[in-house]
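Visitor:
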Amino acid sequence: MFSRKEFVVMNENDNVGIVKQPVDKGQKLGPIGENSAEYVTLREDIPFGFKFALKDIKEGDEIIKFNEAIGLATVAIAKGELVHVHNIEGLRGRGDLDKGV
Amino acid sequence: MSRQFLGYHRPDGTVGIRNNVLVLPVQRQVNPLAKMISEAVPGTRVFISSGELGRPRNDRLVLYRTLVGLGLNPNTASILVVGTRKEAGYDELKAEKIINALSASGKRVEVLMLSDEGGFYNSLGQGIRLARDMVWEASQLTREPAGLKHLRLGVKCGMSDSTSAICGNPTVGKVFDRLIEAGGRAVFSETTEVIGAEHVLVRRAKNDEVGQKLLSAVEETERKAKETGEDIRATNPIPENIAGGLSTLEEKSLGAIVKSGTSLIEDVIQYAEQMPRSGLYFMDAWMSSLSLPTGYAASGAQLFMYQMGGQGIPGREFPAPAVSSGIVIPIMYLTGNSNTYDRARDIIDFSSGPVLEDLETLDEAADRLLDWILKVASGAKTRAETIRFYDPVELYLQGPSL
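Quick mapping for you: the protein sequence lines, in order, are chains H and G. Sequential numbering of the first sequence, starting at 1, is according to the working numbering. Sequential numbering of the second sequence, starting at 102, is according to the working numbering.
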């Protein structure tokens, strides 16, 4: 995990960061890795504790947090966009998909 | 100097952090009698269950383990067993059997059977007489020093949000690591909230058998979830998690398991099953805060730690989800979210929020938490202990109800 003033990233392999305070659209956050020179400009307001994309994520790609997949992108997510239930889905406990049990 | 607390040393070698007399109705029909005795006598606690009648054997065994476990809990000084007749009821729950299991601890066990006392009114008088004497006698015992190895903690996370995984749960995890290293016992649970993180957790199983038990427990819970025909996200993560920034069950689970620290998992136990020796245990059980504290108390934990997120709860007020469902063990609320702490100083005992703000390290927060736990273990009240309220306890019963 590494921590900046406005956000944390749980693992260096993650493609999402978490803001430690509400951060407004247009704000530039970074650098986004320990040894990175890269910044992310937020494309929308991110509420406290919510996730934003550290890079462009394609539809169907894994969302990585804690160096683990926490779900899949249901649409393409651009770097700097909010990542939440509107654009990602879980893969486990999906009784709606798997009625065969 | 090694850390210590001041506790009540019991005849079975355990050490209580509280000194309760437990009024224990072993059949549902005597619940009102037990409750009236307990209300008349300060210093007692009473366990009112939703009853044994029409429950299948597995659920009756849960009830048995709970009744006996609450009596054996280190915080219980002595037990007043209340029933109709010693030989009444289901085999698993015969008063005689429960009395024998409790007496093996060497604690004082008194027996009040309705039919022996000549009915309800005589029993009420005799019960109050006994309970008063038991409370008086228990109070003669004074607190003596005890090492960390005598401490047994249970943890649950609740109303989780992003801070839970960043500082709230990791702080508890570090305290658990120190406790286990010192020879203590600790328990965590919430099988649904292992779904999506079992591959991480199973690496810490003591051996293959324990690992298999863990995976089977998770598999069975996911099977039941799928049987509903719904996306589990409609149920868990709960709405407060989603409003707090958590998006999927996998995300919640990966953050939740951090509260167990990094020790090996000694065994997987059932709801209300004893932690038999030093080490970290996973209890295969339901997450409800009206259920889990009772299960942990029956497993021998002396303190229930409730690690809150809370960002998803709107408004200025922050109500406590449970205050007394541990029956004989106090609930201690923690948070890693400074907003939550500021909204609920009347219920929350500890905040690791400063870690998120880079004001302290996780190790410093864990030190501070362990010191606070030892203070509570030595008699300081938790915030939840300062209100008199009886939570409706829901044992983890799986039915079918017949």
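Positions of the beta carbon are idealized from the N, C-alpha and C atoms, including for glycine.
Is H/Gly30 close to chain G, meaning its C-beta is less than 9 Å from at least one C-beta of that chain?
Guide: Looking up residue 30 of chain H in the first sequence gives position 30. It does not; no Cβ of chain G falls within 9 Å.
Visitor: Give the single residue among G/Gln375, G/Arg104, G/Asp385, G/Arg469 whose Cα lies nearest to the Cα of G/Leu171.
Guide: One-based indexing of the second sequence puts residue 171 of chain G at position 70. Nearest of G/Gln375, G/Arg104, G/Asp385, G/Arg469 to G/Leu171, Cα basis: G/Gln375.
Visitor: Shorter than 9 Å from the beta carbon of G/Ala466 to some beta carbon of chain H?
Guide: Here the question's residue 466 of chain G lines up with position 365 in the second sequence. Taking Cβ atoms only, chain H never reaches closer than 9 Å to G/Ala466, which makes this a no.
Visitor: Chain H beta carbons: is any one of them nearer than 9 Å to that of G/Asn440?
Guide: On the second sequence, position 339 is the one that residue 440 of chain G refers to. Yes - at least one Cβ of chain H is within 9 Å of the one on G/Asn440.
Visitor: Thinking G/Leu134 and G/Val212 are a contact (beta carbons under 8 Å), I'd like their distance in whole angstroms, please.
Guide: Translated into positions along the second sequence, residue 134 of chain G becomes position 33. Translated into positions along the second sequence, residue 212 of chain G becomes position 111. For G/Leu134 against G/Val212, the beta-carbon gap comes to about 13 Å, at or over 8 Å, which does not count as contact.
Visitor: Starting from the C-beta of G/Leu242, find all residues in its chain whose C-beta is less than 6 Å away, skip the five residues before and the five after it, and write them out in chain order.
Guide: The count along the second sequence starts at 1 and reaches residue 242 of chain G at position 141. Excluding positions up to five away in sequence, the list reads Tyr109.
Visitor: Using CA atoms only, rank isn't needed, just tell me which of G/Leu475, G/Ala232, G/Cys268 is closest to H/Lys20.
Guide: On the first sequence, position 20 is the one that residue 20 of chain H refers to. When only C-alpha atoms are compared, the closest one is G/Cys268.
Visitor: Listed from N- to C-terminal order along the chain, which residues in the stretch 311-344 of chain G have their beta-carbon within a distance smaller than 7 Å of any beta-carbon of chain H?
Guide: Within the stretch 311-344 of chain G, the qualifying residues are Glu323, Arg324, Ala326, Lys327, Glu328, Thr329, Gly330, Glu331, Asp332, Ile333, Arg334, Ile343.
Visitor: What residue ranges within the stretch 36-75 of chain H form continuous beta strand (DSSP E) runs of no fewer than 3 residues, ordered along the chain?
Guide: 51-53, 62-65, 68-73
Visitor: Where do the ends of the alpha helix (DSSP H) carrying G/Tyr222 lie?
Guide: In the second sequence, residue 222 of chain G corresponds to position 121, counting from 1. That run of the alpha helix (DSSP H) goes 221-239.
Visitor: Nearest CA to the CA of G/Leu162: which residue from G/Thr145, G/Asn176, G/Tyr191?
Guide: The count along the second sequence starts at 1 and reaches residue 162 of chain G at position 61. Of the candidates G/Thr145, G/Asn176, G/Tyr191, the one whose C-alpha sits nearest the C-alpha of G/Leu162 is G/Tyr191.
Visitor: Starting from the Cα of G/Thr145, find the closest Cα among G/Glu465, G/Ala466, G/Val429, G/Leu463 and give me that residue.
Guide: Taking the second sequence and counting its residues from 1, the one referred to as residue 145 of chain G is at position 44. Nearest option by C-alpha distance: G/Val429.
Visitor: If you reduce the DSSP assignment to three classes, tell me which class G/Thr85 lands in.
Guide: Nothing in the structure corresponds to residue 85 of chain G, since chain G is present only between 102 and 503.
Visitor: Between G/Ser426, G/Gln130, G/Gln412, G/Ala196, which lies nearest to G/Met406 when the distance is taken from Cα to Cα?
Guide: Stepping through the second sequence from its first residue, residue 406 of chain G is reached at position 305. Looking at the Cα atoms, G/Ser426 is the closest of the given residues.
Visitor: For G/Gly117 and G/Ser379, what's the separation of their Cα atoms in angstroms?
Guide: Position 16 of the second sequence, counted from the first residue, corresponds to residue 117 of chain G. Position 278 of the second sequence, counted from the first residue, corresponds to residue 379 of chain G. C-alpha separation (whole angstroms): 16 Å.
Visitor: From G/Ile432 to G/Pro420, what distance separates their C-alpha atoms?
Guide: Your numbering for residue 432 of chain G matches position 331 in the second sequence. Your numbering for residue 420 of chain G matches position 319 in the second sequence. Near 14 Å, if we compare the C-alpha coordinates of G/Pro420 and G/Ile432.
Visitor: Which residues of the stretch 351-380 of chain G have a Cβ closer than 7 Å to any Cβ of chain H? Give them in chain order.
Guide: Glu351, Glu352, Leu355
Visitor: For G/Leu381 and G/Glu282, I'd like the C-alpha separation in whole angstroms.
Guide: By one-based count along the second sequence, residue 381 of chain G stands at place 280. By one-based count along the second sequence, residue 282 of chain G stands at place 181. Their backbone Cα atoms lie some 10 Å apart in a straight line.
Visitor: Assuming G/Arg244 contacts G/Leu404 under a Cβ cut-off of 8 Å, what Cβ separation, rounded to an integer in Å, is found between them?
Guide: Locating residue 244 of chain G in the second sequence gives position 143, counting from the first residue. Locating residue 404 of chain G in the second sequence gives position 303, counting from the first residue. In fact, because the Cβ distance is near 15 Å, the residues do not count as touching under 8 Å.
Visitor: How many Å lie between G/Asp309 and H/Asp61 at the Cα?
Guide: Numbered from its first residue, the second sequence carries residue 309 of chain G at position 208. Numbered from its first residue, the first sequence carries residue 61 of chain H at position 61. For the pair G/Asp309 and H/Asp61, the Cα-to-Cα distance works out to about 33 Å.
Visitor: What does a CB cutoff of less than 6 Å around G/Val450 pick up in its chain, not counting 5 residues either side in sequence?
Guide: As a first step, residue 450 of chain G is located in the second sequence; it is residue number 349 there, counting from the start. A small fix is needed here, since residue 450 of chain G is Asp in this sequence, not Val. Hits under 6 Å: Met433, Tyr434, Thr483, Arg484.
Visitor: Below 9 Å between beta carbons: does that hold for G/Lys121 and G/Asn176?
Guide: Residue mapping note: residue 121 of chain G aligns to position 20 of the second sequence, counting from 1. Residue mapping note: residue 176 of chain G aligns to position 75 of the second sequence, counting from 1. For the sequence presented, residue 121 of chain G should be read as Asn rather than Lys. Cβ distance < 9 Å, so G/Asn121 and G/Asn176 count as in contact.
Visitor: Going by Cα to Cα distance, which pick from G/Leu225, G/His251, G/Leu316, G/Phe221 is closest to G/Asn174?
Guide: Here residue 174 of chain G corresponds to residue number 73 of the second sequence, with the count starting at 1. Comparing Cα-Cα distances from G/Asn174 to each of G/Leu225, G/His251, G/Leu316, G/Phe221, the minimum goes to G/His251.
Visitor: Mind checking which residues open and close the alpha helix (DSSP H) that includes G/Glu341?
Guide: Translated into the one-based positions of the second sequence, residue 341 of chain G becomes position 240. Run containing G/Glu341: 340-344, per the alpha helix (DSSP H) assignment.
Visitor: State buried or exposed for G/Arg166, treating a residue as buried only when at least 16 other CB atoms are found within 10 Å of its CB.
Guide: Numbered from 1 along the second sequence, position 65 holds the residue referred to as residue 166 of chain G. By the neighbour-count rule (16 or more Cβ atoms within 10 Å), G/Arg166 is buried.
Visitor: Consider the Cβ of H/Asp24: report whether some Cβ of chain G lies at a distance smaller than 9 Å.
Guide: As a position in the first sequence, residue 24 of chain H is number 24, starting the count at 1. No - not a single Cβ of chain G is within 9 Å of the one on H/Asp24.
Visitor: Could you have a look at G/Pro126 and say whether DSSP puts it in helix, strand or coil?
Guide: As a first step, residue 126 of chain G is located in the second sequence; it is residue number 25 there, counting from the start. Strand, per DSSP.
Visitor: So within the stretch 386-474 of chain G, which uninterrupted beta strand (DSSP E) runs reach at least 3 residues, ignoring any that extend past its ends?
Guide: 404-409, 432-436, 449-452
Visitor: Compare the C-alpha of G/Leu504 against each of G/Val295, G/Thr487, G/Leu498, G/Gly437 and name the closest.
Guide: The structure shown has nothing for residue 504 of chain G, since chain G only spans 102 to 503.
Visitor: Residues in its own chain within less than 8 Å of H/Glu34 by CB, not counting five upstream and five downstream?
Guide: Reading the first sequence from its first residue, position 34 is the one you call residue 34 of chain H. Here the set comprises Phe2, Glu12.
Visitor: Note down, in chain order, every chain H residue with its Cβ under 8 Å from the Cβ of G/Ile296.
Guide: The sequence position of residue 296 of chain G within the second sequence is 195, counting from 1. Here the neighbours are Arg92, Gly93.
Visitor: What would DSSP say about G/Met281, mapped onto helix, strand or coil?
Guide: Translated into the one-based positions of the second sequence, residue 281 of chain G becomes position 180. Note on residue identity: the sequence assigns Ile, not Met, to residue 281 of chain G. Assigned with DSSP and collapsed to three states, G/Ile281 falls in helix.
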